[in-house]
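Novice:
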Amino acid sequence: MLDRQSTWRNFDWSLFLVVLILCTIGIGMIYSATYTTEDLTDYWLRQTIWTVVGIFVMFIAAAIDYRNLEMFALPAFLLFVASLVAVFLFGTAQGGSKRWLDVGFTLIQPTEAGKFLLTIFMAWYLSWYREYMDRLPYLMIALVILLGPLALVYLQPDLGMTITYAFIGGTLILVGGIRYWQLGVMGGGVAVAIPLLGSSLQGYMLERLCMFLSADGRMMLSRWVGELPAGCTDLEAIEDNAYNVKQALIAVGSGDWLGQGWAHGSQNQLHFLRVRHTDFLFSVIAEELGLVGSALIVFMLLFVVWRLLNIADRAQDQFGRLIATGVAAIIFFQTVINIGMNIGIMPVTGLTLPFISYGGSSLLSMMFAIGLAQSVTLRHRKIDFL
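Below is the structure:
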């Protein structure tokens, strides 16, 4: 019989503590970003509730033996793909994108949970066929399976999440044990897909790229994709599209070393900064907590990634190793992209800062993922029998 008390001694309390601190900081910064906006004043309270629920979700996920998920990997993946098809056919549109399902009492965005369902499925496939991954047909099957969700998410359209899924799948395939020559095959496939992707980019996607590019860059883009939308050719439109990015840069720059003080940031409190409680919350952090405060938060996020990779390294099987690696890849990728777009070195994609930005679906899925990683570390040793 499994010694449960001994198993829980392996729980990574440092990982849990840092995640809890990040969630708490997120609640405080969401309050700062919304308490002067009438329609958003209770968002910090909602995030608090989601955090409490997320902690329970994390411990429940940790208590479940992750190895039991192998039998649900395929059905869960098929259910995820079916939900994406349902979004495509019957989804609710907001802001020009159809990404949500109306279930009566709330809207559900399948792509948030899908990041981790995709991780579990890819981990299952790559571990189950580990001995055959050096054969091209098995690699091609993995890529075709990955292509299905990518295409459906891209059609919503959601370029940011499409790139996220591609990064998750690519990372797991690389860690899964493919050969160097197979990397060449994958690289060739990407090279072929880029022109096709360029020709299918929608107007808002091109406009986001254009406000990130110089005049020469926009000229090269036009040669690649053809005619550009007005938001890429009209200088005034480009300036309007880049407004929030510029305000974010002003907010980051005005923070100096120690910041202007919590709930005292000028760009934040005077509402120059838009979507400041979600995509651009890091700018609020930099403005009010300064370089020191924002650097500490980045350090904590990187600590979470490091602990997850440590869990992956100690996992007793390939399935657990890939799950922990996938969770680390998601958190690392979203952190880099979100901070990058806040400081103007990455295009705006709509990806939130893990554990900190407002969003119930995002927070719950992140906490569930941490719970899965905890499940792996709880069972990183072979089962002892009494």
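Per the numbering used here, residue 70 is the first one in the sequence shown, and the count goes up by one each step.
Beta carbons are placed, not taken as given, at the ideal position from N, Cα and C, and that holds for glycine.
This structure is a prediction, so every number in the text was calculated from the model and none was measured.
Check the C-beta distance from serine 352 over to asparagine 407 and give it rounded, since I have them as a contact under 8 Å.
Specialist: As a working mapping, residue 352 is identified with position 283 in the sequence shown. As a working mapping, residue 407 is identified with position 338 in the sequence shown. Contact flag wrong, Cβ pair sits at about 10 Å.
Novice: My output table needs one value for threonine 404: the three-state DSSP class, helix, strand or coil.
Specialist: In the sequence shown, counting from the first residue as 1, residue 404 sits at position 335. Reduced to three states, the DSSP call for threonine 404 is helix.
Novice: Checking the sheet assignment: what are the DSSP bridge partners for leucine 176?
Specialist: Here residue 176 refers to the residue found at position 107 of the sequence shown. Paired residue(s): Asp171.
Novice: Distance check for glycine 440 and threonine 117, CA to CA, integer angstroms please.
Specialist: As a working note, residue 117 is residue 48 in the sequence shown. As a working note, residue 440 is residue 371 in the sequence shown. One C-alpha to the other measures close to 18 Å.
Novice: Alpha carbon to alpha carbon, how far is leucine 432 from isoleucine 96?
Specialist: Taking the first residue of the sequence shown as position 1, residue 432 is located at position 363. Taking the first residue of the sequence shown as position 1, residue 96 is located at position 27. Leucine 432 and isoleucine 96: Cα-Cα distance of roughly 11 Å.
Novice: Closer than 8 Å is the cut-off here; do at least three beta carbon pairs connect the segment 241–253 with the segment 191–202?
Specialist: The answer is yes - the segment 191–202 touches the segment 241–253, with three or more Cβ pairs under 8 Å.
Novice: When burial is assigned at 16 or more other CB atoms within 10 Å of the CB, is glutamine 251 buried or exposed?
Specialist: Position 182 of the sequence shown, counted from the start, is the residue given in the question as residue 251. Label assigned to glutamine 251: buried.
Novice: What do you reckon, is the C-beta of aspartate 81 under 7 Å from a heavy atom of the ligand FMN?
Specialist: Within the structure as shown, the ligand FMN is missing, as the structure has no ligands at all.
Novice: Throw me the rounded Cβ distance for the isoleucine 90 and methionine 436 pair, which I believe falls under 8 Å.
Specialist: Reading the sequence shown from its first residue, position 21 is the one you call residue 90. Reading the sequence shown from its first residue, position 367 is the one you call residue 436. 14 Å between Cβ atoms; not a contact.
Novice: If you follow the beta strand (DSSP E) that alanine 162 is in, where does it begin and where does it stop?
Specialist: Start at 1 with the first residue of the sequence shown, and residue 162 comes out as number 93. 161–163 is the span of the beta strand (DSSP E), which, as asked, contains alanine 162.
Novice: Apart from the five residues on each side of it in sequence, which residues of its chain come closer than 7 Å, Cβ to Cβ, to glycine 389?
Specialist: Within the sequence shown, the letter at position 320 stands for residue 389. Counting only Cβ-Cβ distances below 7 Å, and skipping sequence neighbours, we find Tyr135, Val445.
Novice: Answer yes if the segment 156–164 comes into contact with the segment 181–188, meaning at least three C-beta pairs across the two stretches below 8 Å, and no otherwise.
Specialist: No, they do not touch.
Novice: Just checking, does the segment 380–394 make contact with the segment 419–433 on the three C-beta pairs under 8 Å criterion?
Specialist: At 8 Å Cβ cutoff, the stretches do not touch.
Novice: Entirely within the segment 300–357 and at least 4 residues each: give me those alpha helix (DSSP H) ranges in chain order.
Specialist: Taking only runs of at least 4 residues, the alpha helix (DSSP H) segments lying wholly in the segment 300–357 are 304–310, 312–323, 335–338.
Novice: Measuring CA to CA, which of Tyr312, Leu358, Leu350, Gln336 is closest to aspartate 325?
Specialist: What you label residue 325 is simply residue 256 of the sequence shown in a count that begins at 1. It is Leu358 whose Cα lies nearest to the Cα of aspartate 325.
Novice: Do alanine 395 and isoleucine 210 have their CB atoms nearer than 8 Å?
Specialist: Translated into the one-based positions of the sequence shown, residue 395 becomes position 326. Translated into the one-based positions of the sequence shown, residue 210 becomes position 141. According to the sequence as given, residue 395 is glycine; it is not alanine. No; because the gap between Cβ atoms is not below 8 Å, this pair is not in contact.
Novice: Mind checking which residues open and close the alpha helix (DSSP H) that includes methionine 127?
Specialist: Taking the sequence shown and counting its residues from 1, one reaches residue 127 at position 58. Element bounds for methionine 127: 112–132.
Novice: So, for glutamate 356: in the same chain, excluding its five sequence neighbours on each side, which residues have a beta-carbon less than 7 Å away from its beta-carbon?
Specialist: By one-based count along the sequence shown, residue 356 stands at place 287. These residues qualify, in order along the chain: Ala320, Val321, Ser323, Gly324, Gly328, Gln329, Gly334, Gln336, Asn337.
Novice: Please state whether DSSP places serine 166 in a helix, a strand or coil.
Specialist: Looking up residue 166 in the sequence shown gives position 97. Note: serine 166 maps to strand in three-state DSSP.
Novice: Just tell me which of Ala397, Ala442, Asp111 has its CA closest to the CA of valine 126.
Specialist: Numbered from 1 along the sequence shown, position 57 holds the residue referred to as residue 126. Answer by Cα proximity: Ala442.
Novice: Could you check whether threonine 110 and threonine 103 sit closer than 8 Å to each other, using their CB atoms as the reference points?
Specialist: Residue 103 sits at position 34 when you count from the first residue of the sequence shown. Residue 110 sits at position 41 when you count from the first residue of the sequence shown. Contact flag set, yes.
Novice: State the DSSP-derived secondary structure class of isoleucine 53, mapped to helix, strand or coil.
Specialist: What is shown of the chain runs 70 to 455, which leaves residue 53 out entirely.
Novice: To the nearest angstrom, how far is the alpha carbon of phenylalanine 401 from that of leucine 420?
Specialist: Numbered from its first residue, the sequence shown carries residue 401 at position 332. Numbered from its first residue, the sequence shown carries residue 420 at position 351. When rounded, the distance between both Cα atoms is 12 Å.
Novice: Between which two residues does the alpha helix (DSSP H) holding methionine 280 run?
Specialist: Taking the sequence shown and counting its residues from 1, one reaches residue 280 at position 211. From DSSP, methionine 280 is part of no alpha helix (DSSP H); its letter is neither H nor E.
Novice: Please classify tyrosine 207: does DSSP put it in a helix, a strand, or coil?
Specialist: By 1-based counting over the sequence shown, the position of residue 207 is 138. Looking at tyrosine 207 - three-state DSSP - the assignment turns out to be helix.
Novice: Give me the residue from Ser283, Glu276, Asp285, Ile214 with the minimum Cα distance to proline 44.
Specialist: Outside the displayed span of the chain (70 to 455) sits residue 44, for which this structure offers no information.
Novice: Can you tell me the Cα-Cα spacing of threonine 240 and leucine 228, whole angstroms?
Specialist: Counting from one through the sequence shown, the residue named residue 240 turns up at place 171. Counting from one through the sequence shown, the residue named residue 228 turns up at place 159. One C-alpha to the other measures close to 18 Å.
Novice: In terms of alpha-carbon separation, which member of Pro226, Phe349, Ala235, Ile189 lies closest to leucine 318?
Specialist: The count along the sequence shown starts at 1 and reaches residue 318 at position 249. Comparing Cα positions, the closest option is Phe349.
Novice: How long is the line joining the alpha carbons of methionine 332 and serine 101, rounded to whole angstroms?
Specialist: Position 263 of the sequence shown, counted from the first residue, corresponds to residue 332. Position 32 of the sequence shown, counted from the first residue, corresponds to residue 101. Here residue 332 turns out to be alanine, not methionine, going by the sequence shown. Distance between the alpha carbons of alanine 332 and serine 101 is about 5 Å.
Novice: Report yes if the C-beta distance between leucine 371 and alanine 397 is below 8 Å; otherwise report no.
Specialist: Residue 371 sits at position 302 when you count from the first residue of the sequence shown. Residue 397 sits at position 328 when you count from the first residue of the sequence shown. Going by C-beta atoms, leucine 371 is not nearer than 8 Å to alanine 397.
Novice: State the Cα-Cα distance for the pair glycine 413 and asparagine 137, rounded to the nearest angstrom.
Specialist: In the sequence shown, residue 413 corresponds to position 344, counting from 1. In the sequence shown, residue 137 corresponds to position 68, counting from 1. Distance between the alpha carbons of glycine 413 and asparagine 137: 43 Å.
Novice: Work out the CA separation of glutamate 305 and threonine 188 for me, nearest whole Å.
Specialist: Counting from 1 along the sequence shown, the entry for residue 188 is found at position 119. Counting from 1 along the sequence shown, the entry for residue 305 is found at position 236. Using only the alpha carbons, I get a separation of about 42 Å.
Novice: Indicate the three-state DSSP secondary structure (helix, strand or coil) for phenylalanine 80 in the structure shown.
Specialist: Here residue 80 corresponds to residue number 11 of the sequence shown, with the count starting at 1. Note: phenylalanine 80 maps to coil in three-state DSSP.
Novice: Where do the ends of the alpha helix (DSSP H) carrying threonine 240 lie?
Specialist: Start at 1 with the first residue of the sequence shown, and residue 240 comes out as number 171. Run containing threonine 240: 228–244, per the alpha helix (DSSP H) assignment.
Novice: Is the beta carbon of isoleucine 129 less than 8 Å from the beta carbon of tyrosine 112?
Specialist: Within the sequence shown, the letter at position 60 stands for residue 129. Within the sequence shown, the letter at position 43 stands for residue 112. No, the Cβ-Cβ distance between isoleucine 129 and tyrosine 112 is not below 8 Å.
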